[in-house]
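**Q** Next up is a structure, given as structure tokens.
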Amino acid sequence: MQPEPAAEAAAEDATNVLSVACGSAHTVALLGCGAVVAFGKGEDGQLGIGAVEGAASPAPVGLRAQSISSVACGAEYTLAVSKQNKQVYAWGWGDFGRLGQGEGAADAAAPSPIPALSGAVVAAVACGDAHTLVATGDGALFAFGRNAAGQLGFGTTDDAHIPRRVDALAGVAVASVAAGAEHSVAATADGKAYAWGWGRYGCLGDGARDDRHVPTPVRGLDGVFVSAVAAGWRHSLVVTDGQRLFSWGWGKYGQTGHGDTEDRLVAGEVTALSGVRVAAAAGGWRHSLCLDEEGGLWSWGWGRFGQLGLGDTSDRHSPERVTGGALTGRRVAAVAAGWRHSTCVDAGGALLAWGRGADGQLGLGDESCVDGLSPAQVPRAALAAAAAAAPPAGGAAASGARGAAGRFAVVPDEGEMAPAGDAAGGGGAAGAGGAAGARKRARVGAGAEGGGGDGGVPAGAAGDDAAVPDD
Numbered sequence: 005m006q007p008e009p010a011a012e013a014a015a016e017d018a019t020n021v022l023s024v025a026c027g028s029a030h031t032v033a034l035l036g037c038g039a040v041v042a043f044g045k046g047e048d049g050q051l052g053i054g055a056v057e058g059a060a061s062p063a064p065v066g067l068r069a070q071s072i073s074s075v076a077c078g079a080e081y082t083l084a085v086s087k088q089n090k091q092v093y094a095w096g097w098g099d100f101g102r103l104g105q106g107e108g109a110a111d112a113a114a115p116s117p118i119p120a121l122s123g124a125v126v127a128a129v130a131c132g133d134a135h136t137l138v139a140t141g142d143g144a145l146f147a148f149g150r151n152a153a154g155q156l157g158f159g160t161t162d163d164a165h166i167p168r169r170v171d172a173l174a175g176v177a178v179a180s181v182a183a184g185a186e187h188s189v190a191a192t193a194d195g196k197a198y199a200w201g202w203g204r205y206g207c208l209g210d211g212a213r214d215d216r217h218v219p220t221p222v223r224g225l226d227g228v229f230v231s232a233v234a235a236g237w238r239h240s241l242v243v244t245d246g247q248r249l250f251s252w253g254w255g256k257y258g259q260t261g262h263g264d265t266e267d268r269l270v271a272g273e274v275t276a277l278s279g280v281r282v283a284a285a286a287g288g289w290r291h292s293l294c295l296d297e298e299g300g301l302w303s304w305g306w307g308r309f310g311q312l313g314l315g316d317t318s319d320r321h322s323p324e325r326v327t328g329g330a331l332t333g334r335r336v337a338a339v340a341a342g343w344r345h346s347t348c349v350d351a352g353g354a355l356l357a358w359g360r361g362a363d364g365q366l367g368l369g370d371e372s373c374v375d376g377l378s379p380a381q382v383p384r385a386a387l388a389a390a391a392a393a394a395p396p397a398g399g400a401a402a403s404g405a406r407g408a409a410g411r412f413a414v415v416p417d418e419g420e421m422a423p424a425g426d427a428a429g430g431g432g433a434a435g436a437g438g439a440a441g442a443r444k445r446a447r448v449g450a451g452a453e454g455g456g457g458d459g460g461v462p463a464g465a466a467g468d469d470a471a472v473p474d475d
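Under this note's numbering, the very last position in the sequence shown is 475; numbers go up by exactly one each time.
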């Protein structure tokens, strides 16, 4: 017997994706039924499923009945906002205060509310590698987590383990926020853009390569009104109220979209999209995505794992329209970018994913933990099954805790860029590669924590924990 059309429609509505976010190798989505699901790498508890393990298909997060309104991902941690309940929940890797739970907080494998934000009306949240930004409904900006490059905006390089207000922006209303690896970007209600934190590749857009410990105006945006900001690992993007796209920062893989591989120290318009009305943008590790007002999806930058969705593994230095795979004939409503994978939500609420898949971050099941060169739809049946199994809030609170003596910093592994069997610079069909080589971790001693450089990794580290430059 076939289901009645009304029942089919109701089931589809329940699995429509309302919000999606990507971390380094995990994906989190909010469904129309109110359930939150997650999939991908989970060794730091970032999936929120009550255990430090990964999932190749959608798995339920313990937030049922919490009226979640949006989700956000850092590299190995996750946040969820409930505007109705005036709560922000956090889980995953707890080092450096990125979960906002206070000094000495452990990793958390299940969601916990952030006490300092209880009762706050949250307008926007952004997560970087290890720091978090929260803009409230009255325009105030709060920050917490790692601060080695001044990315919290407090004028210091001291980490913050609980949310603190960014006093340098106390006189303006913050409307949009974005977090890169170690830099931050914000747009104010009057259309101005500010950036702060790590500046080596020009990702602050102030014309220099220096770190800034307080919010600094972005140059190159005179005469435009910035309505939204986005950030990649070392690059930044803004969308204006006239639906133009500007970008700046690290350009080695074409991720700024200016047709070359040069760094940009000030904001410049992405002229390849000058005839396109841009509605939204997202930044990945070394790639970028944008959505136009007609529902078209565009991508550019690093393509080694198929994260551009263009059917191959080549880089693109200018935006190209994504039209293949399961996206054929569909309009896109939202986009999100991870380190090496990408996702979008179509106009009908379906979730699509592509790019790096070795850790299950595409959500296509155990047999599909391979890289995807074109968009593939995350099965609605899998989303429905996870939603049906969603536990109530308040499950296991912590798992796999690490003490201060065993602190870690994430170091992207250049050595794993080519999947097994690929030549160093070659393309070809993307394979699963080795999940164990997806990144390296380097222990950070007390003398190195808070220092300069990528991830604060001590110089001269050797062996499997050796620091690998990201450029």
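A virtual CB, placed ideally from N, CA and C, is assigned to each residue, including glycine.
CA-CA distance, GLY429 and PHE100?
**A** Taking the first residue of the sequence shown as 1, we reach residue 429 at position 425. Taking the first residue of the sequence shown as 1, we reach residue 100 at position 96. Residue placement at GLY429 is flagged as unreliable, the pLDDT there being 31, under the threshold of 50; the coordinate-derived value follows with that caveat. Near 36 Å, if we compare the C-alpha coordinates of PHE100 and GLY429.
**Q** Given that a residue counts as buried once 16 or more other Cβ atoms are within 10 Å of its Cβ, and exposed if not, what is ARG325?
**A** Within the sequence shown, residue 325 is the residue found at index 321, counting from 1. It is exposed - the Cβ of ARG325 has fewer than 16 other Cβ atoms within 10 Å.
**Q** Check each candidate in ALA29, ALA25 and VAL41 and name the one with the smallest Cα separation from PRO383.
**A** Mapped onto the sequence shown, residue 383 falls at position 379. Checking every option, the nearest Cα to that of PRO383 belongs to VAL41.
**Q** In whole angstroms, what separates the C-alpha of GLY209 from that of VAL170?
**A** Locating residue 209 in the sequence shown gives position 205, counting from the first residue. Locating residue 170 in the sequence shown gives position 166, counting from the first residue. Approximately 20 Å, taken between the alpha carbons.
**Q** Name the residue from PRO323, ASP264, ALA393 and ASP267 whose alpha carbon lies nearest to the alpha carbon of ALA285.
**A** Looking up residue 285 in the sequence shown gives position 281. For ALA285, the nearest C-alpha among the options comes from PRO323.
**Q** Would you call the segment 16-34 and the segment 329-347 in contact, with 3 or more CB pairs under 8 Å?
**A** Touching, per the Cβ criterion.
**Q** Taking only the alpha-carbon atoms, compute the straight-line gap between VAL336 and ASP350 and give it to the nearest angstrom.
**A** Taking the first residue of the sequence shown as position 1, residue 336 is located at position 332. Taking the first residue of the sequence shown as position 1, residue 350 is located at position 346. C-alpha separation (whole angstroms): 4 Å.
**Q** In this structure, what does DSSP give as the bridge partners for ASP210?
**A** If you number the sequence shown from 1, residue 210 lands on position 206. DSSP output for ASP210 lists VAL270 as bridge partner(s).
**Q** What's the gap between the Cα of THR220 and the Cα of TYR93?
**A** On the sequence shown, residue 220 is found 216 positions in, with the first residue counted as 1. On the sequence shown, residue 93 is found 89 positions in, with the first residue counted as 1. If you take the alpha carbons of THR220 and TYR93, they lie about 29 Å apart.
**Q** Hey, GLY195 and VAL230: beta-carbon distance below 8 Å or not?
**A** Here residue 195 refers to the residue found at position 191 when the sequence shown is read from its first residue. Here residue 230 refers to the residue found at position 226 when the sequence shown is read from its first residue. Contact flag set, yes.
**Q** I'd like to confirm the pairing. Which residues does DSSP put opposite SER322 in its beta bridges?
**A** Position 318 of the sequence shown holds residue 322. None; SER322 has no bridge partner.
**Q** To the nearest angstrom, report how far apart GLY410 and ALA110 are at their CA atoms.
**A** Taking the sequence shown and counting its residues from 1, one reaches residue 410 at position 406. Taking the sequence shown and counting its residues from 1, one reaches residue 110 at position 106. A caution first: GLY410 carries a pLDDT of 37, below 50, which makes its placement in the model unreliable, though a value can still be read off. Cα-Cα distance, rounded: 11 Å.
**Q** Would you mind reading off the limits of the beta strand (DSSP E) that contains ARG102?
**A** As a position in the sequence shown, residue 102 is number 98, starting the count at 1. ARG102 -> no beta strand (DSSP E), and no H or E assigned at all.
**Q** Rounded to whole angstroms, what's the CA-CA distance from LYS256 to GLY106? Just pull it up for me.
**A** Position 252 of the sequence shown, counted from the start, is the residue given in the question as residue 256. Position 102 of the sequence shown, counted from the start, is the residue given in the question as residue 106. When rounded, the distance between both Cα atoms is 37 Å.
**Q** Are the Cβ atoms of GLY54 and GLY66 separated by less than 8 Å?
**A** Position 50 of the sequence shown holds residue 54. Position 62 of the sequence shown holds residue 66. Yes, Cβ-Cβ distance for GLY54 and GLY66 is below 8 Å.
**Q** Between the segment 200-214 and the segment 154-162, do at least 3 Cβ pairs fall closer than 8 Å?
**A** With the cut-off at 8 Å, the segment 200-214 and the segment 154-162 touch.
**Q** CB SER180 to CB ALA172, shorter than 8 Å?
**A** For the purposes of this step, residue 180 is identified with residue 176 of the sequence shown, where counting begins at 1. For the purposes of this step, residue 172 is identified with residue 168 of the sequence shown, where counting begins at 1. Contact: no.
**Q** Measure from the alpha carbon of GLN259 to the alpha carbon of each residue in GLY159, ASP296 and GLN311, then state which is nearest.
**A** By 1-based counting over the sequence shown, the position of residue 259 is 255. Of the candidates GLY159, ASP296 and GLN311, the one whose C-alpha sits nearest the C-alpha of GLN259 is GLN311.
**Q** Would you tell me roughly how many angstroms separate the C-alpha atoms of GLY313 and PRO117, rounded to the nearest one?
**A** In the sequence shown, residue 313 corresponds to position 309, counting from 1. In the sequence shown, residue 117 corresponds to position 113, counting from 1. Near 36 Å, if we compare the C-alpha coordinates of PRO117 and GLY313.
**Q** For the candidate residues ALA114, GLY159 and GLY184, whose alpha-carbon lies nearest to that of LEU476?
**A** The question about residue 476 has no answer, for the chain in this structure spans 5 to 475.
**Q** Can you tell me whether DSSP reads VAL472 as helix, strand or coil?
**A** Here residue 472 is taken as the residue at index 468 of the sequence shown, counted from 1. Note that VAL472 scores 36 on pLDDT, short of 50, meaning its location in the model is unreliable; the coordinates nonetheless yield the value given after this. Here VAL472 sits in coil by DSSP.
**Q** Give the single residue among ALA212, GLY353 and ASP133 whose Cα lies nearest to the Cα of SER4.
**A** For the chain, the structure presents residues 5 to 475; residue 4 sits outside this window and is missing.
**Q** How about GLY353 and ASN20: do their beta carbons lie closer than 8 Å?
**A** Walking along the sequence shown from the start, residue 353 turns up at place 349. Walking along the sequence shown from the start, residue 20 turns up at place 16. Yes, these two residues count as a Cβ contact at 8 Å.
**Q** Please identify the residue among SER292, ALA386, ALA362 and THR31 whose C-alpha is closest to the C-alpha of ALA79.
**A** What you label residue 79 is simply residue 75 of the sequence shown in a count that begins at 1. Out of SER292, ALA386, ALA362 and THR31, THR31 has the C-alpha closest to the C-alpha of ALA79.
**Q** Would you mind sorting GLN88 into buried or exposed? The rule is 16 or more other CB atoms within 10 Å of its CB.
**A** Translated into positions along the sequence shown, residue 88 becomes position 84. So GLN88 ends up on the exposed side.
**Q** At 3 residues or longer, what runs of the beta strand (DSSP E) sit wholly inside the segment 158-230?
**A** List check, beta strand (DSSP E) in window: 164-169, 178-183, 187-192, 197-201 and 216-221.
**Q** With burial defined as no fewer than 16 other Cβ atoms inside 10 Å of the residue's Cβ, what is the status of THR160: buried or exposed?
**A** Here residue 160 refers to the residue found at position 156 of the sequence shown. Label assigned to THR160: exposed.
**Q** In three-state terms, what does DSSP make of SER74?
**A** The residue you call residue 74 lines up with position 70 of the sequence shown. SER74 falls in the strand class under three-state DSSP.
**Q** May I ask you to report which of helix, strand or coil DSSP gives ARG384?
**A** Position 380 of the sequence shown, counted from the first residue, corresponds to residue 384. DSSP places ARG384 in helix when its eight states are reduced to three.
**Q** Nearest to GLU273 by alpha carbon, out of GLY246, GLY44, ALA164 and ARG320?
**A** Taking the first residue of the sequence shown as position 1, residue 273 is located at position 269. The candidate whose alpha carbon is nearest that of GLU273 is GLY246.
**Q** Does the beta-carbon of ALA446 have 16 or more other beta-carbons within 10 angstroms, so that it is buried, or is it exposed?
**A** Here the question's residue 446 lines up with position 442 in the sequence shown. Low per-residue confidence applies at ALA446: pLDDT is 38, beneath 50, and the placement is therefore not dependable, though the value from the model is reported in the following sentence. Its Cβ being crowded by 16 or more others within 10 Å, ALA446 is buried.
**Q** Nearest CA to the CA of GLY91: which residue from SER73, LEU366 and GLY108?
**A** In the sequence shown, counting from the first residue as 1, residue 91 sits at position 87. The question names Gly, yet the displayed sequence has Gln at residue 91. Residue SER73 is the option with its Cα nearest to GLN91.
**Q** With LEU295 as the anchor, note down where its beta strand (DSSP E) starts and where it stops.
**A** Residue numbering aside, residue 295 sits at position 291 when the sequence shown is read from its first letter. Residues 291-296.
**Q** Nearest to ALA144 by alpha carbon, out of ASP215, ASP162, VAL129 and GLY261?
**A** As a first step, residue 144 is located in the sequence shown; it is residue number 140 there, counting from the start. Looking at the Cα atoms, VAL129 is the closest of the given residues.
**Q** Which class does ARG406 belong to by DSSP, given the choice of helix, strand or coil?
**A** Counting from one through the sequence shown, the residue named residue 406 turns up at place 402. Only weak support exists for where ARG406 lies, its pLDDT of 38 falling under 50; the value from the coordinates is given anyway. Three-state result, ARG406: coil.
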